[in-house]
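369 is the number that our numbering gives the last residue of the sequence shown; the numbers go up by one with no jumps.
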Amino acid sequence: MPANTPYDLIVIGGGLVGGAIAWGAASQGARVALLDEGDVAFRAARGNFGLVWVQSKGAGMPPYAHWTRHSSELWPGLAERLAGTAGIDVALEQPGGLTFCLSDEEFEHRAAMVHRMHNENGDIGTRMLGREEVRSMVSGLGDRVVGAAFCPIDGHASPLYLLRALHSGLQGTGASYLPGRKVDRIDPAPGSFTVHCGPEKFVGAKIVIAAGLGSRDLAPMVGLSMPVTPLQGQIVVTERLPPMLPYVTHVLRQTAEGTVMLGDSQEDVGFDTSTRVSVLKEIAARNTAVFPALKDVTIVRMWAALRVMSPDGYPIYEQSERYPGAFAATCHSGVTLAGAHALALAPAILAGVLPEALAPFSSARFT
Ligand SMILES: Cc1cc2nc3c(=O)[nH]c(=O)nc-3n(C[C@H](O)[C@H](O)[C@H](O)COP(=O)(O)OP(=O)(O)OC[C@H]3O[C@@H](n4cnc5c(N)ncnc54)[C@H](O)[C@@H]3O)c2cc1C
3 MPANTPYDLI VIGGGLVGGA IAWGAASQGA RVALLDEGDV AFRAARGNFG
53 LVWVQSKGAG MPPYAHWTRH SSELWPGLAE RLAGTAGIDV ALEQPGGLTF
103 CLSDEEFEHR AAMVHRMHNE NGDIGTRMLG REEVRSMVSG LGDRVVGAAF
153 CPIDGHASPL YLLRALHSGL QGTGASYLPG RKVDRIDPAP GSFTVHCGPE
203 KFVGAKIVIA AGLGSRDLAP MVGLSMPVTP LQGQIVVTER LPPMLPYVTH
253 VLRQTAEGTV MLGDSQEDVG FDTSTRVSVL KEIAARNTAV FPALKDVTIV
303 RMWAALRVMS PDGYPIYEQS ERYPGAFAAT CHSGVTLAGA HALALAPAIL
353 AGVLPEALAP FSSARFT
């Protein structure tokens, strides 16, 4: 579609959040443009861990627990449709997830959290496993593992295949994926938004700001607020190994190719994506305490990437009151929430009304 042709929806930011919304809207027949700055931007979508994780999401925030669970239920349908439309298997598996406990204190703390989440959010099947029970499910555990929390609906997928599938799937519907477009200005007018990328202009009836860490500067142009900041995570990848864990954990998962990914640090270091050996040591220490055999395994890669964090860590979804038709969308779990973003949020944005269930995610909670 040539520039200046009005689109039904312009999505700013081609990461996992923008990609899922754009794909979802394009799948419904909308004329969509997805504008992405490109390799110079900070892109969490290309550096994350790949979990579709439910068990610990939303303690003290039931709407987030329900939204996360809804997304995990929508995920199999999303994976199937991406395989059909983009021809890409995103390697979704939902075998259940374990949070290992390395002391009685950790076990008690986790048990209290599981109990609280059960009371607040309903039963998703999460239960505590004692020393013997967890060993009957997983072999090779170290002596320090005293037990684990197990949630049967946790899973994982390949985040890079997911991103590629969203991009190529939406192009298959006739939508435009336009990389190398840094949005520097948005001019709102009643019923239409003109989005400027240097000398180029794109006009859309609706827009979504889903530009990750770039959203903070764009949102005020259309009366929205997205006060997101970076939180660094470092990930370590091993050589390919024989199957060693039939489940996922929030700090270790084995990919479909056999490599083992280890994480999951949280460092407040601003916009710094350099890796540090001290963080590697902490990641290695915890994971080798759980699986001592990892001590003999070769590390082949490590990297750091920046999470996109709101002040309380929960997503921001909102329609501009001043400029209806402009929406904000950001979260720190874009893999987990891809099902909901593609199959629930995108249709709501096209309809012009966010569901009541998303009202708690307005940025008004920060003021
Ligand atoms: C270490 C780490 C581990 C993680 N693990 C998990 C996990 O296991 N499970 C999970 O669910 N989530 C995980 N996440 C979070 C997940 O990666 C993010 O939630 C998701 O990638 C955020 O997607 P996004 O589209 O909001 O941002 P990004 O992926 O950062 O994409 C933003 C995009 O906006 C573009 N952009 C920025 N400014 C502009 C502009 N002005 N104009 C045009 N385009 C612009 C950029 O080019 C970029 O492509 C992890 C993140 C990190 C860092």
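Ideal Cβ positions, reconstructed from N, Cα and C, are used throughout, including at glycine. Just so we're clear, the structure is a prediction, and the values are computed from it rather than from any experiment.
Enclosing alpha helix (DSSP H) for residue i [first to last residue]
i: A361; result: Element bounds for A361: n/a, residue is neither H nor E.
i: L345; result: Per DSSP, L345 belongs to no alpha helix (DSSP H) and is neither H nor E.
i: A32; result: No alpha helix (DSSP H) contains A32, which DSSP labels as neither H nor E.
i: R48; result: Element bounds for R48: n/a, residue is neither H nor E.
i: M311; result: First-last for M311: 301-311, but that is the beta strand (DSSP E), not the alpha helix (DSSP H).
Alpha carbon of residue i to alpha carbon of residue j, nearest angstrom
i: G225; j: Y325; result: 7 Å
i: A43; j: S138; result: 45 Å
i: D270; j: E284; result: 16 Å
i: A328; j: A47; result: 23 Å
i: D266; j: V292; result: 14 Å
i: V337; j: D145; result: 33 Å
i: R71; j: L168; result: 21 Å
i: H198; j: A346; result: 28 Å
i: A151; j: L53; result: 16 Å
i: R218; j: S170; result: 27 Å
i: F195; j: D156; result: 39 Å
i: H252; j: V205; result: 41 Å
i: N289; j: S178; result: 43 Å
i: A286; j: L18; result: 28 Å
i: L352; j: I211; result: 14 Å
i: V116; j: W55; result: 14 Å
Where residue i falls, given that 16 or more other Cβ within 10 Å makes a residue buried
i: T300; result: exposed
i: T369; result: exposed
i: F273; result: exposed
i: D186; result: exposed
i: A348; result: buried
i: R309; result: buried
i: G31; result: exposed
i: Q234; result: buried
i: K203; result: exposed
i: N121; result: exposed
i: Y9; result: buried
i: F208; result: Before going further, note that residue 208 is Lys rather than Phe in the sequence given. Per the 10 Å Cβ criterion, buried.
i: P161; result: buried
i: R112; result: buried
i: Q321; result: buried
i: G354; result: exposed
i: G99; result: buried
i: K59; result: buried
i: V302; result: exposed
i: G260; result: exposed
Simplified DSSP assignment, three categories, for residue i
i: T217; result: Strictly speaking, residue 217 in this sequence is Ser, with Thr absent from that position. Helix.
i: I14; result: strand
i: V253; result: coil
i: H334; result: coil
i: I285; result: helix
i: R324; result: coil
i: A1; result: The structure shown does not extend to residue 1, since the chain spans only 3 to 369, so no value can be given for it.
i: R183; result: coil
i: A93; result: coil
i: V56; result: coil
i: L168; result: helix
i: D266; result: coil
i: L84; result: helix
i: N6; result: Its pLDDT being 48, under 50, N6 is placed unreliably in this model, and the value from its coordinates should be taken loosely. N6 falls in the coil class under three-state DSSP.
i: F273; result: coil
i: S194; result: strand
i: A61; result: coil
i: D189; result: strand
Residue i, enclosing beta strand (DSSP E) - first and last residue
i: I211; result: 202-211
i: T175; result: Premise fails: T175 is in no beta strand (DSSP E) and is neither H nor E.
i: E241; result: 231-242
i: F102; result: 99-103
i: A150; result: 149-153
Residue-chain proximity (residue i, chain D), Cβ-Cβ < 7 Å
i: Y249; result: The structure shown contains no chain D; it holds only a single protein chain.
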